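Enquirer: First the structure, then my questions, so here it is.
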Amino acid sequence: MTTGSGERFTYLRSTGVTVLSATMTEFAYKRHAHEDYALGVTLRGLQEYHLEGRLCRSRPGGVILFNPEEVHDGCSADRTSLEYVMVYVPRPLFAEVSGMRGPVGFEAPIVYDRALAARILKLARGVAAGRDEMWTSELLLDMVHAALRGRTGRTARPLMSGPAPGRSAGVRRAMDMMRDAAGGMTGDGTGDGADGRLRLDDLSREVGMSKYHFIRHFKAATGISPYQFFLNCKVEHAKRLLESEGDVYAAVAQCGFCDLSHLNRHFKRIYGVTASEYAHIRF
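Following the working numbering, the numbering of the sequence shown begins with 4 at its first residue and continues without gaps.
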């Protein structure tokens, strides 16, 4: 769908994967993370984003590989028209297709591999054309195997949900608490704590730190503040509700947003479209 000024974000879903076809000039994604693996191809323009504190740029033909929950932003580097395709694969599906045990992480964030780019685009176009699920499932298998070939190992970027330097068990537990709370919010924005509210005190106590030490430690370990991570979890949960139920007001209530405009504003910063627009997509 077109959102004005030539910005276009089209989402389609099939075979358990979500495909995004995007054209953007002035729009810029805010720092966020996805729960899924993401594999994309830059088609036109210069794609720029920050990942783990470094600047990454993908030229036409570049293949972008995101591990789950990697914090990043994104924009057109020179504010000219940027066109790209992205395929999002949920972690359980990725594990099933790959046949690999344990968490898998990509090494390089950008590679220039024509064969892999062709497989990503073939799957994306198959989904867009409404091709048979058996056919697209085979394309998904080809894409995942091509993506993993020689691109995982000891130097792979660590997954956010797994052990990593500087990421203590307490931080991972705090992340789990925020994920759980994001899926169990009430209409007044509260969660499942002792009095129905998730507090910073509870999170910092879990890590065994003061509140402000915890904020600094969490951001250093994950690249994003506890508040930003929790907000991201709420938006991700709202997205799943929209895909399963299509009820935007239920997403507002269940994910603890103040109102629809609050959800729409934060949803657009991550997905390029509002929650209201996303709810009208037929999955």
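Every residue gets a Cβ at the ideal spot worked out from N, C-alpha and C, and that includes glycine.
None of these values were measured; they are calculated from a predicted model.
With H, G and I counted as helix, E and B as strand and the rest as coil, what does DSSP make of residue 61?
Expert: strand
Enquirer: Applying the criterion that 16 or more other CB atoms from any shown protein chain within 10 Å of the CB defines a buried residue, is residue 202 buried or exposed?
Expert: exposed
Enquirer: Could you compute how far the alpha carbon of residue 171 sits from the alpha carbon of residue 11?
Expert: Taking the straight line from one Cα to the other gives about 40 Å.
Enquirer: Under 7 Å between the Cβ atoms of residue 181 and residue 97?
Expert: no
Enquirer: Does the segment 40-56 come within contact of the segment 270-281, defined as at least 3 CB pairs closer than 8 Å?
Expert: no
Enquirer: Which stretch, first to last residue, makes up the alpha helix (DSSP H) that contains residue 30?
Expert: Neither: residue 30 is in no alpha helix (DSSP H) and is coded neither H nor E.
Enquirer: Could you say if the segment 20-27 and the segment 82-95 meet the contact criterion of at least three C-beta pairs nearer than 8 Å?
Expert: yes
Enquirer: Can you grab the Cα-Cα spacing for the pair residue 115 / residue 152, in whole Å?
Expert: When rounded, the separation of the alpha-carbon atoms in residue 115 and residue 152 is 14 Å.
Enquirer: Can you check whether the CB of residue 177 is closer than 7 Å to the CB of residue 147?
Expert: One thing to note: residue 147 has its Cβ no nearer than 7 Å to the Cβ of residue 177.
Enquirer: Would you kindly report the start and end of the unbroken alpha helix (DSSP H) that includes residue 120?
Expert: 117-131
Enquirer: Runs of 3 residues minimum, wholly inside the segment 38-102: which ones carry the beta strand (DSSP E) assignment?
Expert: 40-47, 50-54, 57-61, 66-69, 75-79, 85-92
Enquirer: With a cut-off of 8 Å on the beta carbons, I'd call residue 100 and residue 123 a contact; round off their distance for me.
Expert: No, residue 100 and residue 123 are not in contact; Cβ-Cβ is about 14 Å, not under 8 Å.
Enquirer: Could you tell me the alpha carbon to alpha carbon distance between residue 266 and residue 257, rounded to whole angstroms?
Expert: 11 Å
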